[in-house]
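Protein chains in written order, with the numbering used here: chain A, 1 to 325; chain B, 1 to 325.
Backbone N, C-alpha and C define an ideal beta-carbon position, used for all residues, glycine too.
Computed from a predicted structure; not experimentally measured.
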DNA sequence: CTGAAAGCGCTTACAG
DNA sequence: CTGAAAGCGCTTACAG
């Protein structure tokens, strides 16, 4: 069966397509008699009419879509929250958020052949090439772009580094002279983990502490060997890439018979539910997801309205002190 | 600046729009001279041409989009994996998967005004109304539909119930005569949690055990009171909605001074990294995400090709026995 | 081997 | 208050 179009509605309702459009879109400033309105709606309903998104977008010259591009690594619970929030905020402007899991190796350009979003939100920095291609295609780009393709710059990386620095300062503030860093063994997390580590090491340097080499700790298995090695090297505190890694360190300490936090202090990132009920409860870094989401939404709205983008919320992450450090 | 169109390319390259389309789409069966091909591509590149997805879709009568609709509740780590996988598999057919976090209250119909997917994958059952509206709009619907709007039927619910049943059988098999069920306190999880609970209670009945009333256990805080109540009522084993809830029960047992599993056995769902390194390591139910994703992809492909949909993988979830039960 | 033309389904000035 | 017509940008039969 062929698709039901607005012409079908018009014919069946005995009006023009113009009127159908006016009624179905509640176009302001036009007056259509109540009876006609009702008839058009009834017919549309009866025929199961669904307007063509493609035709709408083509004619209007824009869509109501915002695409959020997720990076090539496991994002963790924080990002899901963030996307939910973003969806809610943009919904109030009639926009729909669609998320693309950018795991495959295809070029983003291919995606834009399939969908024309009004704006794109990057949860990880875009390459300059991707960013300029999108801009030229008339898509608003929100989220950071690596200037010159070099990591380590931009708001996004800055905020990640801030997290690492927070961990270092907390641990140093508790009097630990020798820190370790437990990073992830997931290769996809490369640059994300790198930013947190970099912030951690910079802070160590600033504090006059030795900058540790990172140790890769797989999640879901007790990091017993790593804990023993640290213990042997005089390390009394370790910062982890995230809570899952921190939990693996905690389990390693348990296996190795090291008391936490007296013999080994541990601090994670994410403030996950599991971290809150660990033994001992995990000290961790919490990111203000709500504020981040609101900021992202504000950036999208600003870009669409041609206003200047608001500055990043500065005082974002904070240490949640619990039992482990 | 106005959008660059294929007409601009044609003009600049001194060819017709037909030729531009042939070259840029690598249309098979047409022969365009190598020189022309090169020139067209060069011009398109120089001008930063990006074809209009809307026009393409309108003309072709279909898009290359598959929208996955996430339900109104926190999905957990399993679903992220599943979506990544689905994205990969469908990419090999030139399809793009876009995820919609269906948290807002808007009708799905509104979404279809903004985007016309080829198919929609529901990670939770669709209402019959939504399903039929999508079908009438020419969208292939994959994933279960509630027949008559009643929960509890369909492949999806069946598989969720299987999880609850698995927990009950495992606990009963270990000789526990009196079981408890710890459900989530998240109101959004309503029917999802309900399906697991229903499966659990049915299995209890079949096994001749009393069917417990569920107790809501918030995640991230030790469920000490709940544990004490169970203990006082002679309960020696509890099944949890998921690992986060199970971890909260574990923490409650710790606080209440109950040894796990000897005084209280606990079994979760998800096989999360945190569960694997808990103290004691959590016994849990693992779902075969890869197989589920492959099945979902197969369903989409079958729907698009007009073939019959393959049956659900039957032997899905399994208990991973660790230290807690 | 290449081009002129039709048409996908909508919205919106414009004319009555 | 309502309708005829143009045009968004593409692809693809069709004609040369």
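The three-state reading of DSSP puts residue 214 (chain B) in strand, counting E and B together.
Among the residues of chain A, those whose CB is under 7 Å from the CB of residue 112 (chain B) are 50, 53, following chain order. Taking a beta-carbon distance threshold of 8 Å, residue 322 (chain B) does not count as an interface residue toward chain A. 219, 220, 221, 222: these are the residues of the segment 192-225 of chain A whose beta carbon lies less than 8 Å from some beta carbon of chain B, given in chain order. In the structure shown, residue 181 (chain A) adopts extended strand secondary structure according to DSSP, grouped into three states. At least one C-beta of chain B is nearer than 8 Å to the C-beta of residue 244 (chain A). Boundaries cannot be given for residue 309 (chain B), as no beta strand (DSSP E) includes it and DSSP labels it neither H nor E. Restricting attention to alpha helix (DSSP H) runs no shorter than 4 residues, the segment 265-309 of chain B encloses them at 273-276, 289-305, ordered along the chain. Here residue 318 (chain B) carries a strand assignment [DSSP, helix/strand/coil].
Excluding its 5 nearest sequence neighbours in each direction, residue 180 (chain B) has C-beta neighbours in its own chain below 6 Å: 212, 230, 235, 238, listed in chain order. Closest by C-alpha distance to residue 228 (chain B), out of B:127, B:206, B:47, B:251, is B:251. Contact between residue 171 (chain A) and residue 267 (chain A) holds, since their C-beta atoms are separated by about 6 Å, short of 8 Å.
At least 8 Å separates the CB of residue 262 (chain A) from every CB of chain B.
Distance between residue 138 (chain A) and residue 303 (chain B), taken at the CA atoms: about 34 Å. For residue 100 (chain B), no alpha helix (DSSP H) segment is defined; the enclosing uninterrupted segment is the beta strand (DSSP E) at 96-101.
At a cut-off of 8 Å between beta carbons, residue 273 (chain B) contacts chain A. Cβ proximity to chain A below 9 Å picks out nothing from the segment 154-173 of chain B. Runs of the beta strand (DSSP E) spanning 3 or more residues and lying entirely within the segment 42-80 of chain B occur at 65-70, in chain order.
According to DSSP, residue 237 (chain B) shares a beta bridge with B:179, B:265. For residue 122 (chain A), the enclosing beta strand (DSSP E) starts and ends at 119-122. The C-beta of residue 296 (chain A) comes no closer than 8 Å to any C-beta of chain B. Taking a cut-off of 8 Å on C-beta distances, the segment 18-27 of chain B touches the segment 35-43 of chain B, as three or more cross pairs fall below it.
Minimum Cα-Cα distance from residue 68 (chain A) among the listed residues A:79, A:58, A:61 corresponds to A:79. A buried status is given to residue 64 (chain A), since no fewer than 16 other beta-carbon atoms sit within 10 Å of its beta-carbon. When the five nearest sequence neighbours on each side are left out, the beta carbons in the same chain lying within less than 7 Å of the beta carbon of residue 221 (chain B) are those of 248, in order along the chain. For residue 6 (chain B), there are no C-beta contacts with chain A under 9 Å, since the nearest C-beta of that chain is about 12 Å from it.
Neighbours of residue 41 (chain A) in chain B, taken as residues at a C-beta separation under 9 Å, are lacking, since the least C-beta distance is about 13 Å. In this chain, the beta strand (DSSP E) harbouring residue 141 (chain B) covers 140-142. The beta-carbon distance between residue 310 (chain A) and residue 299 (chain A), rounded to whole angstroms, is 7 Å. This is short enough to meet the 8 Å contact definition. Close partners of residue 115 (chain A) in chain B (Cβ separation under 8 Å): 53, 63, 65, 96, 98, 115. Among the residues of chain B, none has a CB under 9 Å from the CB of residue 142 (chain A); the nearest is roughly 17 Å distant. Between residue 17 (chain A) and residue 31 (chain A), the C-beta spacing is not below 8 Å. Scanning B:129, B:107, B:118 for the CA closest to the CA of residue 98 (chain B) turns up B:118. Below the 7 Å Cβ cutoff, chain B contributes no neighbours of residue 26 (chain A), its closest Cβ being approximately 13 Å away.
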